[in-house]
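As structure tokens, the structure follows; a few thoughts come after it.
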Amino acid sequence: MTELIAYIFQNHRGILVSFLKECGSMQSVIGIESIMVSTQYVLNNSESRPDIAIKLTNENMEQSIIFVENKIHAAEGPNQLQRYFSYLSEKSQNNMCSCYLIYITKNYDSKENLDFLSNNTSEVNFIQLRWWQVFQFLKPYEDIEVIKEILRFMKERGLSMSRKFTINDISALMNMNRVREMAQESLGGKVEEMFNKISGMKYNMPSAESQLRTTGRYIYMGNQDDWFWIGIGYWFEGKVIDTKYPDIGVVVGVKPYHSQRKLIVNAVSEYTGTNTIWKSFGLTNEDKWAGMWKKVSLKEMLSDEDHISSIQQWYINSLNDVITFKEKYPKLPWKKMDRLFYLRPSGCLKGF
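Be aware that the sequence shown starts at 6, since it is given in my numbering, and climbs by one per residue.
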């Protein structure tokens, strides 16, 4: 997504200028002579890198610097926006240039009350947008092939935010409570007991409901140490009301810049190298969440007579893998436990 947006901005100057004017980032820049768009701009003395960096120079050699940070499902890293804002503030003061930080999210996520924004005395302008607004802006240009492709991608990921209910939407709404109860049943009982003992934490239903609303996933999370965490549940493809089958999955993840991230990432890399059913993610980018997950489409669970039992057995097998991972890498910052256990096929807990 980021690379496609950057490509459009780099190769279609008129679209970039219109976009910046539309979101209020072009009030003082006229007669543009040069445009630089990069997805590889690294902040000085830091590994931080905004999704897109834009530098504009006008005929009077006056510059504007715009950082674009976009989020679809993941939240920003610790102090990520503040780092970008501080960098732009310094640029604004030292180089006398206009600076903007544009933050694009799928869902409403107000940042106005953050201290560094509410107490802002710099010349940096902070602008928040949602992806449906970007979709609406790009729609008139859909005759351009790359924009047609990105609009299709945004629709698939639920970023177009249609204002109309479809038949599928209405059907999903009518059955929402029943579906939620079935999802909860598949995550309950032996699965819940096993997850709670492995993670050292109990299921948090309000958190799962919040995840469903904000990230398109219905999962329970067990924090081990400063968001080195274990998760279990359902992942939806872009939006909750969809015609595609969701995935069921188990994940072990770690936040950006965790104090023991290198140790965790090395363990994940080694484990997934020999256990290929588990897939790693984000291992090489310090700014991103990293970890490993095991997922399967819900569709593959529907051939048996008892869907719930099939799903639960899959979860149990996957959690047994997590136990194996914990035993192999005991020096990772796991939550302190009295003991671990496997769940036998018969359903009896076996401690050791």
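Note that CB positions come from ideal geometry on N, CA and C, so glycine has one too.
In or out: residue i buried (at least 16 other Cβ within 10 Å) or exposed?
i	result
Asp120	exposed
Thr277	buried
Leu192	buried
Ile172	exposed
Pro335	exposed
Val273	buried
Gln229	buried
Ser302	exposed
Gly36	exposed
Lys144	exposed
Lys111	buried
Does DSSP put residue i in a helix, in a strand, or in coil?
i	result
Ser53	coil
Arg185	helix
Trp319	helix
Lys299	strand
Trp240	strand
Asn271	helix
Ile155	helix
Gly29	coil
Met4	Any question about residue 4 goes unanswered here, given that the chain covers just 6 to 357.
Gly287	coil
Leu61	strand
Arg18	helix
Met66	coil
Leu337	coil
Glu38	strand
Ile246	Bear in mind that a pLDDT of 42 at Ile246, under 50, signals an unreliable position, so the model cannot answer this.
Measuring CB to CB, does residue i end up less than 9 angstroms from residue j?
i	j	result
Gln317	Gly194	yes
Ser176	Val129	no
Ser370	Ser69	The question about residue 370 has no answer, for the chain in this structure spans 6 to 357.
Lys76	Ile109	yes
Ile282	Lys267	no
Leu48	Arg88	yes
Val255	Asp309	no
Ile57	Leu25	no
Tyr231	Ser264	According to the sequence provided, residue 231 is Asp. The question's Tyr does not apply to it. Yes, Cβ-Cβ distance for Asp231 and Ser264 is below 9 angstroms.
Arg222	Trp234	no
State the CB to CB distance for the pair residue i and residue j, rounded to an integer number of angstroms; the pair is presumed to be in contact (CB under 8 angstroms).
i	j	result
Arg54	Asp292	6 angstroms
Trp319	Ile253	7 angstroms
Gly29	Ile152	Actually they do not touch by this definition, with Cβ atoms about 22 angstroms apart.
Rounded to the nearest angstrom, what separates residue i and residue j at their Cα positions?
i	j	result
Phe140	Met199	43 angstroms
Arg185	Phe170	20 angstroms
Glu67	Asp114	33 angstroms
Glu332	Lys207	21 angstroms
Glu197	Asp148	50 angstroms
Does the beta carbon of residue i fall short of 8 angstroms from some heavy atom of the ligand FAD?
i	result
Phe286	What this structure holds is no ligand at all, so the ligand FAD is not there to describe.
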